[in-house]
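Chemist: All you need for the numbering used here is the position in the sequence shown, starting with 1, plus 76.
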Amino acid sequence: MVTPLSLGGKVVAITGAGSGIGLATALAASRAGASVLLSGRNLDKLTAAAATMPGPTSVLALDVSVADAGPTLAQASVAAFGRLDVLIANAGVYVPGDVWDGRTADFDNLISTNVSGVINAVQAAIIAMRDAGSVGDIVVTSSVSGHQAIPWEPVYSASKHAVQAFVHGVRRQLVGTGIRIGSVAPGMVLNDLWQVTSQTEIDARVAAGEGLRSEDVADAILYMLTRPRHVGIRDLVILPVNQDI
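If you want it as structure tokens, here you go:
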């Protein structure tokens, strides 16, 4: 039996929803019938994104790296739609290069966003779901860099290894609660996080099997969210077919 990819009646909160994977996932969730809270740092981007959604939306300008960002996100979802059913913890920043050439401030910002921001958002979502006595789903955007150390992005790899350890530990804490958590771990995604913005370049590299579209990752997330409740997907690694990694 094929489970339909429907999120009808669900309330989905997404961080980093103004572009890239977050935007593609917000659109996929809205098309699947969900009410969507789009959050991110740039209110103009969020407002423009919300205008493209077919279903109910709300927007929240939020930097996940700041104190109390997690509770603020959960409270905004409850205020807008009455509850929080699904969290997509997607906001992240990228710092590549040799570690000796990097700036400490950039490393600190990366860890605050990619690690602390995820931890705080997930904690707040779990509390909201438990307080409501409801089942729920959490998907964290990780990376193939969380499954192996990649030499051209060691600090980014470290942040995603931390995310993987966090997801695996929390999943076991949530056994028996009705709340599922898992991570989606893409390889090369052709979007603005990796400074790929030309549609011509994206199309060519996708055709060559060298990269994924943000929509490919959104499809994977939707698949995770729509499995029967007895099925939990802890990790979903999704790579371009010709990425040698």
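We put the CB at the ideal spot given by N, CA and C, even for glycine.
The structure displayed is predicted, hence computed values, not measured ones.
1) State the beta-bridge partners of residue 213 as determined by DSSP.
2) Are the CB atoms of residue 125 and residue 138 within a distance shorter than 7 Å?
3) Taking only the alpha-carbon atoms, compute the straight-line gap between residue 269 and residue 238 and give it to the nearest angstrom.
4) Assign residue 195 to one of three DSSP states: helix, strand, or coil.
5) Applying the criterion that 16 or more other CB atoms from any shown protein chain within 10 Å of the CB defines a buried residue, is residue 79 buried or exposed?
6) Please specify which runs of the alpha helix (DSSP H), each continuous and at least 4 residues long, are wholly inside the stretch 104–161, giving them in chain order.
7) Keeping to the same chain, check which residues put their C-beta closer than 8 Å to that of residue 142; ignore five residues upstream and five downstream.
8) Alpha carbon to alpha carbon, how far is residue 130 from residue 355? Give it in angstroms, no decimals.
9) Pull up the distance between the alpha-carbon of residue 219 and that of residue 313, whole angstroms please.
10) At which residues does the alpha helix (DSSP H) containing residue 231 begin and terminate?
11) My understanding is that residue 93 touches residue 102, with C-beta atoms under 8 Å, so please give their C-beta distance in whole angstroms.
12) Where does residue 174 fall in DSSP's three states?
13) If contact is defined by three or more beta carbon pairs under 8 Å, each pair taking one atom from either stretch, is the stretch 276–292 in contact with the stretch 220–238?
14) Going by Cα to Cα distance, which pick from 272, 242, 132 is closest to residue 190?
Modeler: Here's the rundown:
1) Counting from one through the sequence shown, the residue named residue 213 turns up at place 137. In the DSSP output, where bridge partners are listed per residue, residue 213 has 162, 256.
2) On the sequence shown, position 62 is the one that residue 138 refers to. On the sequence shown, position 49 is the one that residue 125 refers to. No, they are not a contact pair.
3) On the sequence shown, residue 269 is found 193 positions in, with the first residue counted as 1. On the sequence shown, residue 238 is found 162 positions in, with the first residue counted as 1. Roughly 20 Å between the two C-alpha positions.
4) The count along the sequence shown starts at 1 and reaches residue 195 at position 119. If DSSP states are grouped into helix, strand and coil, residue 195 belongs with the helices.
5) As a first step, residue 79 must be located in the sequence shown, where it is residue number 3. Here residue 79 scores only 47 on pLDDT, less than 50, and its place in the model should not be relied on; the value that follows carries that caveat. With fewer than 16 Cβ atoms within 10 Å of its Cβ, residue 79 is classed as exposed.
6) For secondary structure counted as the alpha helix (DSSP H) over 4 or more consecutive residues, the stretch 104–161 holds these complete runs in sequence order: 119–126, 145–157.
7) Counting from 1 along the sequence shown, the entry for residue 142 is found at position 66. The beta carbon of residue 142 sits closer than 8 Å to no other beta carbon from its chain once the five residues preceding and following it are set aside.
8) In this structure the chain extends from 77 to 321, so residue 355 is not present and cannot be described.
9) Here residue 219 refers to the residue found at position 143 of the sequence shown. Here residue 313 refers to the residue found at position 237 of the sequence shown. About 8 Å.
10) Position 155 of the sequence shown, counted from the start, is the residue given in the question as residue 231. Residues 230–249.
11) The residue you call residue 93 lines up with position 17 of the sequence shown. The residue you call residue 102 lines up with position 26 of the sequence shown. Sure, about 5 Å apart at Cβ, within 8 Å.
12) In the sequence shown, the residue the question calls residue 174 occupies position 98. Here residue 174 sits in coil by DSSP.
13) no
14) The residue given as residue 190 occupies position 114 in the sequence shown. That would be 242, whose Cα lies nearest to the Cα of residue 190.
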